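Input: a single structure, listed below in C-alpha cells.
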Amino acid sequence: MANINPRVIKVEYAVRGPIVIRAGEIEKQIKEGQHNFPFDRVIRANIGDCHASGNQVPVTYIRQFLAGCTYPPLIDSSDFPSDIKQKVQRLLSVCGGKSLGSYTESQGLITVREDIAKYIQERDGYPSNPSDIYLCNGASDGIKTVIKLLMNNDPKKPSGIMIPVPQYPLYSATLSEYGAHQIEYYLDEDNNWALNIDELERALNQSKEHCVPRGIVIINPGNPTGQVLSRENIENIVRFAEKHRLFILADEVYQENTYLPGSKFFSFKKVLMDLGAPYNHMEMASFHSASKGWHGECGSRGGYYELINIDKDVRMQVNKLISASLCSAAWGQAMMGAIINPPKEGELSYELYKKERSDIVSRLKQKADLVSQLFNSVEGVRCNAVMGAMYAFPRIEIPEKAIQHAKSKNMAPDAFYCFQFLEKTGVCVVPGSGFKQKPGTHHLRTTILPPVDQMKVMVEKFRKFHMEFLREWK
Amino acid sequence: MLAIRCRLPINSSRIVSAAGVITRKEQKRHASLTMETLNPLVKEVEYAVRGPIVIRAGEIEKKLKGSHNFPFDRVIRANIGDCHASGNQVPITYIRQFVAGCTYPELMKSSNFPSDIKSRVERLLSVCGGKSLGAYTESQGIITIREDIAAYIQQRDGYPSDPNNIYLCNGASDGIKTIIKLLMNNNLEKPSGIMIPVPQYPLYSATLSEYGAYQIEYYLDEGNNWALNIDELERALNQSKDRCVPRGMVIINPGNPTGQVLSRDNIENVIRFAHKHQLFIVADEVYQENVHLPGSKFFSFKKTLMDLGAPYNQMEMASFHSASKGWHGECGSRGGYYELINIDKDVRVQVNKLISACLCSTAWGQAVMAAIINPPKEGEPSYELYKQERSAVVNRLREKAELVGRLFNSVEGVQCNPVMGAMYAFPRIELPKKAIEHAKSKNMAPDAFYCFQLLEKTGICVVPGSGFKQSPGTHHFRTTILPPVDQMKDMVEKFRTFHLSFLREWK
Numbered sequence: 001m002a003n004i005n006p007r008v009i010k011v012e013y014a015v016r017g018p019i020v021i022r023a024g025e026i027e028k029q030i031k032e033g034q035h036n037f038p039f040d041r042v043i044r045a046n047i048g049d050c051h052a053s054g055n056q057v058p059v060t061y062i063r064q065f066l067a068g069c070t071y072p073p074l075i076d077s078s079d080f081p082s083d084i085k086q087k088v089q090r091l092l093s094v095c096g097g098k099s100l101g102s103y104t105e106s107q108g109l110i111t112v113r114e115d116i117a118k119y120i121q122e123r124d125g126y127p128s129n130p131s132d133i134y135l136c137n138g139a140s141d142g143i144k145t146v147i148k149l150l151m152n153n154d155p156k157k158p159s160g161i162m163i164p165v166p167q168y169p170l171y172s173a174t175l176s177e178y179g180a181h182q183i184e185y186y187l188d189e190d191n192n193w194a195l196n197i198d199e200l201e202r203a204l205n206q207s208k209e210h211c212v213p214r215g216i217v218i219i220n221p222g223n224p225t226g227q228v229l230s231r232e233n234i235e236n237i238v239r240f241a242e243k244h245r246l247f248i249l250a251d252e253v254y255q256e257n258t259y260l261p262g263s264k265f266f267s268f269k270k271v272l273m274d275l276g277a278p279y280n281h282m283e284m285a286s287f288h289s290a291s292k293g294w295h296g297e298c299g300s301r302g303g304y305y306e307l308i309n310i311d312k313d314v315r316m317q318v319n320k321l322i323s324a325s326l327c328s329a330a331w332g333q334a335m336m337g338a339i340i341n342p343p344k345e346g347e348l349s350y351e352l353y354k355k356e357r358s359d360i361v362s363r364l365k366q367k368a369d370l371v372s373q374l375f376n377s378v379e380g381v382r383c384n385a386v387m388g389a390m391y392a393f394p395r396i397e398i399p400e401k402a403i404q405h406a407k408s409k410n411m412a413p414d415a416f417y418c419f420q421f422l423e424k425t426g427v428c429v430v431p432g433s434g435f436k437q438k439p440g441t442h443h444l445r446t447t448i449l450p451p452v453d454q455m456k457v458m459v460e461k462f463r464k465f466h467m468e469f470l471r472e473w474k
Numbered sequence: 001m002l003a004i005r006c007r008l009p010i011n012s013s014r015i016v017s018a019a020g021v022i023t024r025k026e027q028k029r030h031a032s033l034t035m036e037t038l039n040p041l042v043k044e045v046e047y048a049v050r051g052p053i054v055i056r057a058g059e060i061e062k063k064l065k066g067s068h069n070f071p072f073d074r075v076i077r078a079n080i081g082d083c084h085a086s087g088n089q090v091p092i093t094y095i096r097q098f099v100a101g102c103t104y105p106e107l108m109k110s111s112n113f114p115s116d117i118k119s120r121v122e123r124l125l126s127v128c129g130g131k132s133l134g135a136y137t138e139s140q141g142i143i144t145i146r147e148d149i150a151a152y153i154q155q156r157d158g159y160p161s162d163p164n165n166i167y168l169c170n171g172a173s174d175g176i177k178t179i180i181k182l183l184m185n186n187n188l189e190k191p192s193g194i195m196i197p198v199p200q201y202p203l204y205s206a207t208l209s210e211y212g213a214y215q216i217e218y219y220l221d222e223g224n225n226w227a228l229n230i231d232e233l234e235r236a237l238n239q240s241k242d243r244c245v246p247r248g249m250v251i252i253n254p255g256n257p258t259g260q261v262l263s264r265d266n267i268e269n270v271i272r273f274a275h276k277h278q279l280f281i282v283a284d285e286v287y288q289e290n291v292h293l294p295g296s297k298f299f300s301f302k303k304t305l306m307d308l309g310a311p312y313n314q315m316e317m318a319s320f321h322s323a324s325k326g327w328h329g330e331c332g333s334r335g336g337y338y339e340l341i342n343i344d345k346d347v348r349v350q351v352n353k354l355i356s357a358c359l360c361s362t363a364w365g366q367a368v369m370a371a372i373i374n375p376p377k378e379g380e381p382s383y384e385l386y387k388q389e390r391s392a393v394v395n396r397l398r399e400k401a402e403l404v405g406r407l408f409n410s411v412e413g414v415q416c417n418p419v420m421g422a423m424y425a426f427p428r429i430e431l432p433k434k435a436i437e438h439a440k441s442k443n444m445a446p447d448a449f450y451c452f453q454l455l456e457k458t459g460i461c462v463v464p465g466s467g468f469k470q471s472p473g474t475h476h477f478r479t480t481i482l483p484p485v486d487q488m489k490d491m492v493e494k495f496r497t498f499h500l501s502f503l504r505e506w507k
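Have a look at this one:
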C-alpha cells in the first residue's frame with residue numbers, strides 16, 4: 001500500500017461500494033441456510049440494471065440481430081426474420097473477413113456510426129457526421145477518454161471540472177484518479193434539482209484559485225436526481241459555459257427515459273445549435289449508452305459519444321489516442337447498432353418490437369409515478385418527482401442522536417441508516433453520501449427497476465423501518 | 001437573402017450566421033479545447049500499428065475502388081494481428097454457437113443445437129443477473145468464467161490458481177493499462193519508470209507516454225534470437241535511476257514484434273533480476289498459444305516463479321491473456337484477462353475498487369473468453385469439429401511461420417530471425433546511405449520512408465520498425481504471417497522485387 005498509485009486510493013464508487021459488498025455477503029448467508037435475518041431475500045435496488053432487477057427481459061429483435069451477427073448460419077433458417085437478416089448482412093459486410101471477431105476501425109464500424117448520425121439528425125434537426133461519432137466500451141469509457149483530454153497534468157493548479165452535486169460517482173472517481181480538481185455545483189432540491197446559474201457562478205469563482213476550470217458535466221436526465229431539465233435551464237447553462245469557455249460534457253444516457261407528462265428531453269446539441277452564434281460553435285461532447293432506455297443492455301458495454309465542433313487537430317489527437325487500445329467491443333457496437341436503428345413500421349419485426357418496447361416504457365412510467373408518491377407518503381421523507389432516468393432520491397430526516405452515533409462510527413449518517421435498512425429488511429440501496437449532497441442533508445438512492453409488486457413491498461418495508469428508526473433514535 | 005457587406009479579406013475563413021460574421025481566429029479565442037490546451041501527455045502518444053502508414057493504406061484502398069494509377073489492384077494488409085480480417089481463418093464453430101446461444105437462448109430449442117454447447121450456455125446464464133448477458137456482471141467478471149480460467153492456469157502450470165485473482169478486462173490492452181496505472185507515483189520530478197523491451201508492442205510506449213511515466217528501454221539481442229541479456233537489463237536500469245523510480249518490468253513472451261519464445265533459462269534469469277531490483281513483473285503472454293517451431297516451448301512466468309521456490313515464489317506479478325490471438329483470433333470481442341499473483345490483500349481491495357467505477361468488462365467478451373478457455377472435450381458432440389478446425393488453423397500458422405522466415409532470408413540484404421511464436425516476422429533490412437539521408441531530409445525514419453515506398457509501389461502495408469523502436473542504426477519492418485499462404489508467397493515475391501529495385505535506385 002505504501003507504493004501503490006496514491007490517486008487510486010482516493011477513488012470511490014458507491015454504486016458498488018461497501019453496502020453492496022455487504023448485501024452480497026448477506027445473500028450468501030441466506031443461500032447457505034442457517035441465518036438470523038428477518039427476511040429471506042435481498043432486494044437489490046442499488047444499480048440501474050434492467051435485466052438483473054427483473055424490470056424486463058431482452059428485447060427480441062435485438063438478440064436475434066446479435067445472434068445472427070455472431071453465428072451467420074442462423075440467418076438462413078426459415079424462422080429467422082428477413083428484416084433482421086438484412087440488417088445482419090449489412091453489418092457483417094463492413095467487418096473484416098465478414099466477422100464480428102475482427103478488430104473494427106478505432107472509432108467503430110462505419111454502418112453503426114452512420115445509423116447513429118442519422119438518429120441524432122432526426123432527433124435534433126441538425127446534421128451529424130459519422131466522423132464525429134466514437135463507439136466506446138459503455139459511456140463510462142468514453143467519458144473517461146474525453147475528460148482525459150482536458151487534463152493539464154499540473155499538480156499545482158490542476159484542471160478543474162464542474163460536476164453536479166448530487167452526481168453519478170463515476171465523475172468524482174475519474175477526477176480523483178486523474179488528480180483533477182472537482183468543482184462541485186449544488187443542484188437545487190427545492191426546484192426539482194434544477195441548475196441555478198448563480199450557484200454555477202459561485203462554484204466556479206470559488207474554484208479559480210485552486211484550479212484551471214476546463215469543463216462542465218451536466219447529467220440530463222439526472223442521476224441520481226431524476227430531473228429532466230427545462231429548455232430554458234439548458235439555454236442558461238450553455239450561455240454560462242460560453243462565457244467561461246468551458247467544454248460541455250453532456251451525459252445524456254437517459255435520453256430515452258422520460259416519464260412525466262411535461263418532461264421533455266432537449267439535447268444540449270440541439271439547444272446549442274438553436275441558440276445560433278456564438279453558441280453554435282462551442283465544443284462539446286454528448287454521451288449515449290446501450291445500458292439504459294427501453295433496451296437495458298448493460299452487459300454489452302455499448303455506448304458512443306459525439307464530438308461537436310471539435311478542432312480538427314485535436315480530433316486527430318483523439319483518434320490517435322483511442323487507436324492504441326484498437327477498438328471497442330464489436331459485440332457492443334453491434335448492440336448499439338441494433339438499438340439505434342429499430343424495426344420500422346411495415347417491417348416484419350416491427351409489431352413485436354413495438355409491443356415489447358411500450359410494455360417496458362409503461363412499466364417504468366408507472367413505477368416512476370408510484371415510487372415518488374409512496375415515498376412522499378412516509379413521514380419525514382420527501383421525494384422529488386421522478387421525471388426521468390431510473391432512480392428515486394428521497395430525502396430523509398435523520399434524528400440528531402443517530403447522526404452522532406454514525407459520526408462516532410466514522411460513517412456518514414445516511415450510510416449508517418442504509419446499512420441498518422439492509423440488515424433489518426434486506427433492501428439494498430445506495431446512501432446519498434455516495435453521490436455527495438448538500439451538507440446537513442441525507443438521502444438514499446433506489447432504482448425504480450424491480451417489478452411493481454416488489455417495489456410496493458420495498459416501500460412498505462421502508463415505511464415500517466423508517467418509523468421504527470425514528471422511534472429508536474429520537 | 002440578406003446581403004452582408006464585409007471588410008474581411010475574401011480568403012479568410014468566415015462563419016456567417018444570423019448574428020453576424022465571426023472569423024476563424026475569433027472562434028479559436030473562444031475555444032475550450034485546442035492544441036494549446038489539450039492534455040500534453042495525449043500529444044506524446046504514438047501507436048504505429050494504426051499509424052500514418054495504415055491511414056495511407058486506407059486512402060489508397062478507397063482510390064482503388066475507382067480509376068487510379070497504382071501498379072496494383074489491391075492493398076495487402078499485413079499490419080495488424082487480426083486473424084479473421086486477414087483471411088487466416090474463419091471463426092471456430094463451437095465458439096460462435098456458444099455465444100449465439102448465450103445471446104438468444106431461444107435458439108437452443110432447435111434440435112440442431114449441440115447439447116454439450118447448450119449445457120455450457122445454461123451454466124453461464126445461470127449466474128447472470130436475470131439470466132441475461134445484458135446484465136452488468138461482477139466487476140471482476142462472471143464467476144464461472146473465472147473458475148474455468150483458474151482451472152486452465154492450474155492445468156497449464158501445476159500450481160493452484162484462485163478465481164479471486166482473475167480479472168476479466170476489455171482485451172488485454174485494457175488490463176495492461178490498469179496494472180501499469182497502479183505502479184504510477186504521480187511525481188513529475190521523478191516519475192515511476194517501467195522497463196520495456198526494444199523492439200516492443202507500442203501499446204506500452206503509448207501508455208507510458210499517456211501516464212507521464214519514464215520508459216526504461218532494454219534492448220533485445222537480435223544476434224541471439226531476441227533474447228533478454230541480464231547485462232543489458234542491468235545497464236538499462238542503472239542508466240535510468242537518476243531520472244525515475246523503477247517500479248516494474250514488461251516482458252512480452254512470445255514476443256511482439258520479435259516472435260521469440262524465451263528459453264526456460266532466460267525466464268529464470270529475468271525473474272532473478274526482477275527480484276533483485278524489486279520490480280513488479282508484467283508478463284504479456286497473449287501469444288501463449290502461438291508457438292510454431294519445434295524446439296520452442298512456452299513457459300509461463302508464473303510456473304517458472306513457483307518452480308524457483310523461495311524467495312521468488314512470493315514475487316508480485318501480473319500475467320495477461322487474450323481472446324484476440326491463439327487459434328481463435330476473436331479480436332473484435334475484446335475478451336481478455338489478467339491474473340494477479342502474490343498481490344498484497346489491501347492493494348487488491350484498491351484494485352477492485354478502481355475497476356468497479358467502470359462497472360464491468362463486456363459480457364460478450366467474457367463469454368468469448370469462457371468459450372475459448374474451456375473447449376469441447378474428447379467424447380463431447382462438438383469435439384471432433386473443434387479439433388479439426390483448431391488443428392487446421394494451427395498447422396496453417398506453423399506452415400507460414402516457417403515459410404515466411406525462410407523466404408525473407410532468401411532476399412539479399414535482408415535478415416530475418418525465425419518466427420518461433422506470435423504472429424509476425426520482423427526482418428532487418430540494410431538501407432543504402434542515400435535513402436537514409438533522403439528520409440532524414442523529409443523528417444521520416446528511414447524504415448518509415450522505405451515502408452511508404454513499399455506501399456505505394458506494391459500495395460503491401462506493413463509497419464516500419466521505427467514504430468516499435470529498435471537499436472539505433474538498424475532498420476526493420478513488421479509483417480504479420482496471417483494472410484493465406486498464396487498471398488504470403490505473393491507478398492514476399494513482390495517485396496523481393498521491390499527491395500532489389502529500391503537498392504538499385506538508392507545505391
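As given, the protein sequences belong to chains A and B, one line each in that order.
Note that UniProt numbering has the first sequence beginning at 1, numbered continuously upward.
Note that UniProt numbering has the second sequence beginning at 1, numbered continuously upward.
Backbone N, C-alpha and C define an ideal beta-carbon position, used for all residues, glycine too.
Note that the coordinates shown come from a computational prediction; the quantities given were computed from them, not determined experimentally.
8 Å contact criterion, which residue i and residue j should meet: CB distance rounded
i, j, result
"residue 101 (chain A)", "residue 309 (chain B)", "The pair is not a contact, with the Cβ atoms about 41 Å apart (cut-off 8 Å)."
"residue 203 (chain B)", "residue 192 (chain B)", "Not a contact, Cβ separation roughly 17 Å."
"residue 401 (chain B)", "residue 292 (chain B)", "4 Å"
"residue 189 (chain A)", "residue 395 (chain A)", "7 Å"
"residue 463 (chain B)", "residue 49 (chain B)", "6 Å"
Nearest-angstrom Cα separation, counted from residue j out to residue i
i, j, result
"residue 333 (chain A)", "residue 353 (chain A)", "20 Å"
"residue 22 (chain B)", "residue 168 (chain A)", "For residue 22 (chain B), the predicted model reports a pLDDT of 48, less than 50, meaning its position is unreliable; a value from the coordinates is still stated below. Spanning the two alpha carbons is a distance of roughly 37 Å."
"residue 319 (chain B)", "residue 280 (chain B)", "11 Å"
"residue 225 (chain A)", "residue 144 (chain B)", "36 Å"
"residue 469 (chain A)", "residue 218 (chain A)", "35 Å"
"residue 90 (chain A)", "residue 469 (chain B)", "39 Å"
"residue 483 (chain B)", "residue 492 (chain B)", "11 Å"
Residue i at chain A interface by Cβ criterion, 8 Å
i, result
"residue 90 (chain B)", "yes"
"residue 127 (chain B)", "no"
"residue 22 (chain B)", "With a pLDDT of 48 at residue 22 (chain B), under the threshold of 50, the predicted position of this residue should be treated as unreliable, and no value is reported."
"residue 250 (chain B)", "no"
"residue 330 (chain B)", "yes"
"residue 1 (chain B)", "A caution first: residue 1 (chain B) carries a pLDDT of 38, below 50, which makes its placement in the model unreliable, though a value can still be read off. Residue 1 (chain B) does not count as touching chain A."
For residue i, the first and last residue of its enclosing beta strand (DSSP E)
i, result
"residue 287 (chain A)", "284-289"
"residue 479 (chain B)", "477-480"
Element boundaries [alpha helix (DSSP H), containing residue i]
i, result
"residue 182 (chain A)", "Unbroken run through residue 182 (chain A) is the beta strand (DSSP E), 181-186; no alpha helix (DSSP H)."
"residue 475 (chain A)", "Shown here, chain A extends from 1 to 474; a query on residue 475 (chain A) therefore has no answer."
"residue 35 (chain A)", "Run containing residue 35 (chain A): none; DSSP gives neither H nor E here."
"residue 367 (chain B)", "363-373"
Beta carbon proximity, residue i to chain B, threshold 8 Å
i, result
"residue 193 (chain A)", "no"
"residue 115 (chain A)", "no"
"residue 63 (chain A)", "yes"
"residue 179 (chain A)", "yes"
"residue 49 (chain A)", "yes"
Could I get the ranges of all uninterrupted beta strand (DSSP E) runs contained in the region 83-143 of chain A, with 3 residues as the minimum, in chain order?
Every beta strand (DSSP E) of 3 residues or more that sits fully in the region 83-143 of chain A is shown, in chain order, as 133-135.
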